[in-house]
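Residue numbers (this note's numbering): 757 to 998.
Quick reminder that beta carbons are idealized off the backbone N, C-alpha and C, glycines included.
What follows is a set of notes on a single structure, which appears directly below.
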Amino acid sequence: MKYSIIIPAYNEAKYIDQTLTCLADYLRDTKIIDNTEVIVVAANGGDGTASRAKSHSSIFNKLVVLELPSRVGKGRDLRHGFKHATGEYQLFMDADMATPLHHIEVALKTLEAGKDIVIGVRNLATMHNTILRKASSRLSNLAIRILAVRNARDTQCGFKAFTRVAAATIFSRAKINGWGTDIEILAIAQIHKLSIAQQSIADWHDPKSGEGLAGDSQLKAMRQTLKELYIIRRNINKGEYK
């Protein structure tokens, strides 16, 4: 396979049907469906995401649904998905199509032109619509820049693409299971001096915005990310990503 698309999907039954249908149409329109494998990593959330995903196997050249018995986190799911990927160019995307599909072709062309990694960059100024969200975002971004990742305008966008070599370099060393995995990916990339292109996702949208986290949950998520950031910094200091 030339391309691999990995979709981590925990409790995504509400979105996975539309996402896979639209993705198959997009891959046909761009004439790469015959050279693309789609890998859905479904942690057991009890909502039928895996069975829904499997029902779309006939519309792809290759659709693999990997079922995991329990929820551990996005990091574990990504490592599992990339372990099974065979494409020369590999990317992961959110199961709810928060990043519109037309960005896939742009990212793949950037990789084919010579970059090792492409990361999506959202318009952060328009994303955080509460004082708490803005404050937590600024604090987190400052800590990320100081402790782990330099020069990345948006570490947390759920759209990242890699050459096969870059993906193997990163995911064979990655350890974080939670949302800090996106930070860890870029920290490892910088340690190994991989070239990174930042791709604007100006039309990024959050289909789950109406399901937003309450204040306590936002603070909990921020604390968890900062905790994982500390672990990443410790791993860097110990040379565990070399």
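### Query
Can you tell which of Y759, N879, I762 has its C-alpha closest to the C-alpha of D910?
Working through the sequence shown from its first residue, we reach residue 910 at position 154. Cα-wise, what sits closest to D910 is N879.
### Query
Contact between the region 862-877 and the region 805-823: three or more CB pairs below 8 Å?
no
### Query
Which class does G829 belong to by DSSP, given the choice of helix, strand or coil?
For the purposes of this step, residue 829 is identified with residue 73 of the sequence shown, where counting begins at 1. Here G829 sits in coil by DSSP.
### Query
Just how far apart, CA to CA, sit T937 and Y771?
Against the sequence shown, residue 937 aligns to sequence position 181. Against the sequence shown, residue 771 aligns to sequence position 15. Computed Cα separation, rounded: 23 Å.
### Query
Hey, is the region 869-878 in contact with the region 950-966, meaning 3+ C-beta pairs nearer than 8 Å?
Here the region 869-878 lies against the region 950-966, with 3 or more beta-carbon pairs under 8 Å apart.
### Query
My guess is that A799 and S826 are in contact by the Cβ rule of under 8 Å, so how many angstroms apart are they, rounded?
By one-based count along the sequence shown, residue 799 stands at place 43. By one-based count along the sequence shown, residue 826 stands at place 70. Rounded, the Cβ-Cβ distance is 7 Å, consistent with contact.
### Query
Can you list, in chain order, the residues of its chain whose CB lies under 6 Å from that of D959, leaving out five sequence neighbours each side?
Walking along the sequence shown from the start, residue 959 turns up at place 203. Same-chain partners within the cutoff: P856.
### Query
Do you know whose CA, among D790, A854, E844, D781, lies nearest P764's CA?
Within the sequence shown, residue 764 is the residue found at index 8, counting from 1. When only C-alpha atoms are compared, the closest one is A854.
### Task
Measure the alpha-carbon distance for D773 versus G995 and round it to whole angstroms.
Within the sequence shown, numbered from 1, the residue matching residue 773 stands at position 17. Within the sequence shown, numbered from 1, the residue matching residue 995 stands at position 239. Roughly 42 Å between the two C-alpha positions.
### Query
Can you give the Cα-Cα distance for G831 and Y782, rounded to whole angstroms?
Here residue 831 is taken as the residue at index 75 of the sequence shown, counted from 1. Here residue 782 is taken as the residue at index 26 of the sequence shown, counted from 1. Rounded to whole angstroms, G831 to Y782 spans 27 Å at the Cα level.
### Task
Tell me whether V921 sits in a helix, a strand or coil according to DSSP, three-state version.
Residue 921 sits at position 165 when you count from the first residue of the sequence shown. Here V921 sits in helix by DSSP.
### 7 Å CB neighbourhood of T842 in its chain, flanking five on each side removed
The residue given as residue 842 occupies position 86 in the sequence shown. Contacts found: M757, S760, E793.
### Message
I'd like to know whether the C-beta atoms of L822 and K916 end up nearer to each other than 8 Å.
### Response
The residue given as residue 822 occupies position 66 in the sequence shown. The residue given as residue 916 occupies position 160 in the sequence shown. Going by C-beta atoms, L822 is not nearer than 8 Å to K916.
### Task
Assign R979 to buried or exposed, taking buried as 16 or more other Cβ atoms, counted over all protein chains shown, within 10 Å of its Cβ.
For this step, residue 979 is matched to residue 223 along the sequence shown. Within a 10 Å sphere around the beta-carbon of R979 sit fewer than 16 other beta-carbons, which makes this residue exposed.
#### Entry: alpha helix (DSSP H) segment containing I941, residue limits
For the purposes of this step, residue 941 is taken as the residue at position 185 of the sequence shown. Boundaries of the alpha helix (DSSP H) around I941: 937-947.
### Query
Are the Cβ atoms of L779 and V797 separated by less than 8 Å?
For the purposes of this step, residue 779 is taken as the residue at position 23 of the sequence shown. For the purposes of this step, residue 797 is taken as the residue at position 41 of the sequence shown. No.
### Message
Please return the same chain residues whose Cβ sits closer than 6 Å to the Cβ of L950, not counting the five positions on each side in sequence.
### Response
The sequence position of residue 950 within the sequence shown is 194, counting from 1. Answer for L950: D872, I873, A922, listed in chain order.
### Query
If you run the structure through DSSP and keep just helix, strand and coil, what is A970?
Here residue 970 corresponds to residue number 214 of the sequence shown, with the count starting at 1. Any reading at A970 is ruled out, since the residue's pLDDT is 44, under 50, leaving its predicted position unreliable.
### 8 Å contact criterion, which E768 and A851 should meet: CB distance rounded
Walking along the sequence shown from the start, residue 768 turns up at place 12. Walking along the sequence shown from the start, residue 851 turns up at place 95. The Cβ separation is near 4 Å, so the contact holds.
### Task
Look up K931 in the DSSP assignment and say whether it is helix, strand or coil.
Residue numbering aside, residue 931 sits at position 175 when the sequence shown is read from its first letter. Residue state, collapsed to three classes: coil.
### Query
Beta carbon of I987, beta carbon of I932: below 8 Å?
Working through the sequence shown from its first residue, we reach residue 987 at position 231. Working through the sequence shown from its first residue, we reach residue 932 at position 176. A contact, by the Cβ cut-off of 8 Å.
### Message
Between E844 and R920, how many whole angstroms is the CB-CB distance? I'm expecting something under 8 Å.
### Response
By one-based count along the sequence shown, residue 844 stands at place 88. By one-based count along the sequence shown, residue 920 stands at place 164. Their Cβ separation, rounded to whole angstroms, is 5 Å, which keeps E844 and R920 in contact under 8 Å.
#### Entry: Residue interval of the alpha helix (DSSP H) (run including V862)
Counting from 1 along the sequence shown, the entry for residue 862 is found at position 106. First-last of the alpha helix (DSSP H) with V862: 858-868.
#### Entry: Residues that DSSP places opposite Q846 in a beta bridge
As a working mapping, residue 846 is identified with position 90 in the sequence shown. S760, F918, per the DSSP bridge assignment.
### Task
Using three-state DSSP, classify E984 as helix, strand or coil.
Here the question's residue 984 lines up with position 228 in the sequence shown. DSSP places E984 in helix when its eight states are reduced to three.
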